[in-house]
Amino acid sequence: MSDVRPSSMKRITNKKLAQAFIDEQVKAIRKEVGDEKVLLALSGGVDSSVVAALLIKAIGKKLICVHVNHGLLRKGESEQVIQVFKKEMGATLIYRNKAALFLNKLKGVSDPEKKRKIIGKIFIDVFAEEAKKLKDVRYLAQGTIYPDILESKGVKAHHNVGGLPKSLKFELIEPVKFLYKDEVRVVGEALGLPKSMVYRQPFPGPGLGVRCTGAITKDRLEALREADAILRQEIEKLPETPWQYFCVIPDLKSTGIKDGKRYMGWPVILRAVNTKDAVTAKSFEIPYRALYKIRDRIIREVPGVNRVLWDYSDKPVSTIEWE
Ligand code: XMP
């Protein structure tokens, strides 16, 4: 099949157009798949979630979703995947909590690119292992979207394009491969997915792993997850929310004071940016009232943290992520 979006394809901008797309895809998927089973790696990101919802509509239980929790997800994310897909939509969902395995393999690894490679590799290994256990699955669905295809033609290899080992002989199904992100979101809403999932801010594949800088430890990762949840809760109360917002915990401690004694703790760094395409970005002005509330809550609620900083640098020269 061609990798070029047909020129006749209308831009999906509203519910009606999304419904037409859904009807057409459901028909096409049923025709192609017949009685066979389809496997999907469901990360909880927008693209794989929309593909999952589309396939559940088309083939129901014959879609087998595998959700691998690498322990580097944000607070509540795996729970939301299970709630929405298994409990509400009745999907066949295999959940694997591999947090301990990932942490173990990442022990002592401080180089960001090495961390990314390890996370990517174990992810594929775990998924391949699950896939091999399922003997009678013919198809693999992927949440490839059009920008992934366009980017793969240039220098940037994309994780959705050609990541799985060749020994897994699946036929691919990529129902949203000609859609842009905004169209995927419109389709997701029309499929009844929660807004918090459809309008989820971008989140790197290696997750919190690249925000817990240097060698990751369990306690620092947990502190990061808690701080990040607080930041998100407070930012989401604002009338205007930035494109991406998160916390970072660098691998360092500084002096604090608690009960009259020296208390060495980690700093939490707040980051919130606005951008169109992530190539350049402007720091988002977090209102002071929100900044103070976030600071107070993090210091009060997150063990091990004794300082809160705000990274208000623009890109360039700073990248959005710290690693
Ligand atoms: P930077 O840090 O390069 O980030 O300014 C630009 C955008 O890309 C996201 N990002 C990633 N996404 N895997 C991903 O899927 C990654 O390894 C990765 N690194 C950065 C980042 O969150 C930002 O939106």
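So the sequence shown is numbered by the numbering used here: it starts at 30 and just counts up by one. Here a beta-carbon is modelled for each residue, glycine too, at the ideal position from N, C-alpha and C.
Pick helix, strand or coil for residue i, following the three-state DSSP scheme.
i: PRO176; result: helix
i: GLN48; result: helix
i: VAL227; result: helix
i: TYR321; result: helix
i: SER342; result: coil
i: PHE313; result: coil
i: VAL33; result: coil
i: GLU106; result: helix
i: GLN273; result: strand
i: LYS91; result: helix
i: GLU200; result: strand
i: ASN133; result: helix
i: ALA252; result: helix
i: ASN189; result: Unreliable placement is indicated for ASN189, whose pLDDT of 49 sits below 50; no coordinate value is reported for it.
i: LEU208; result: coil
i: ALA70; result: strand
i: GLY236; result: helix
i: VAL331; result: coil
i: GLU350; result: coil
i: VAL97; result: strand
Quick one: does the C-beta of residue i sit closer than 8 Å to a heavy atom of ligand 1?
i: ARG261; result: no
i: GLN273; result: yes
i: LYS344; result: yes
i: VAL239; result: yes
i: THR348; result: yes
i: PRO176; result: no
i: ARG145; result: yes
i: PHE50; result: no
i: PHE232; result: yes
i: ALA70; result: no
i: ALA310; result: yes
i: ALA307; result: yes
Looking only at its own chain, which residues have a Cβ that is under 6 Å from the Cβ of residue i, when we skip the five neighbours before and after it?
i: GLY73; result: GLU106, VAL110
i: ALA82; result: LEU220, LEU222
i: GLN230; result: GLN273
Going by beta carbon distance, what residues of the same chain come within less than 8 Å of residue i, once the five residues before and after it are set aside?
i: ALA252; result: ILE278, TRP295, VAL297, VAL331, PRO332, GLY333, VAL334
i: LEU132; result: GLY100, ILE245, LYS247, LEU250
i: LEU197; result: ALA157, ALA160, LYS161, LEU169
i: VAL356; result: Only positions 30 to 352 of the chain appear in the structure, and residue 356 is not among them; the question remains open.
i: ARG34; result: TYR175, PHE207
i: LEU135; result: LYS144, ILE147, ILE148, GLY238, ALA244, ILE245
i: LYS90; result: GLY119, ALA120, THR121
i: ARG326; result: ILE259, GLU263
i: LEU125; result: A quick correction: the sequence has Arg, not Leu, at residue 125. Counting only Cβ-Cβ distances below 8 Å, and skipping sequence neighbours, we find VAL95, HIS96, VAL97, ASN98, VAL155, GLU159.
Identify, in the order they occur along the chain, each residue of the same chain with its Cβ nearer than 7 Å to the Cβ of residue i, setting aside the five sequence neighbours on each side.
i: THR270; result: ILE264
i: LEU46; result: LYS39
i: VAL25; result: This structure does not reach residue 25, given that the chain is present from 30 up to 352, and the question cannot be answered.
Considering only heavy atoms of ligand 3, does any lie closer than 8 Å to the CB of residue i?
i: PRO235; result: Looking for ligand 3 in the displayed structure turns up nothing; the ligands present are ligand 1.
With 9 Å set as the bound, which would you pick, yes or no: does the beta-carbon of residue i sit closer than that to a beta-carbon of chain D?
i: GLU269; result: Protein chain content of the structure displayed is limited to a single chain, and chain D is not contained in it.
Discussion item. With a threshold of 8 Å, are at least 3 pairs of Cβ atoms found where one atom belongs to the region 341 to 352 and the other to the region 305 to 314?
Written reply: The answer is yes - the region 305 to 314 touches the region 341 to 352, with three or more Cβ pairs under 8 Å.
Worksheet item: Are the region 146 to 163 and the region 49 to 65 touching by the rule of at least three beta carbon pairs closer than 8 Å?
Response: In short, these stretches do not touch, since the Cβ pair count stays below three.
Worksheet entry | Stretch-stretch touch, CB-based, cutoff 8 Å, three pairs: the region 213 to 223 with the region 60 to 72 | Cβ pair count under 8 Å is below three, so no.
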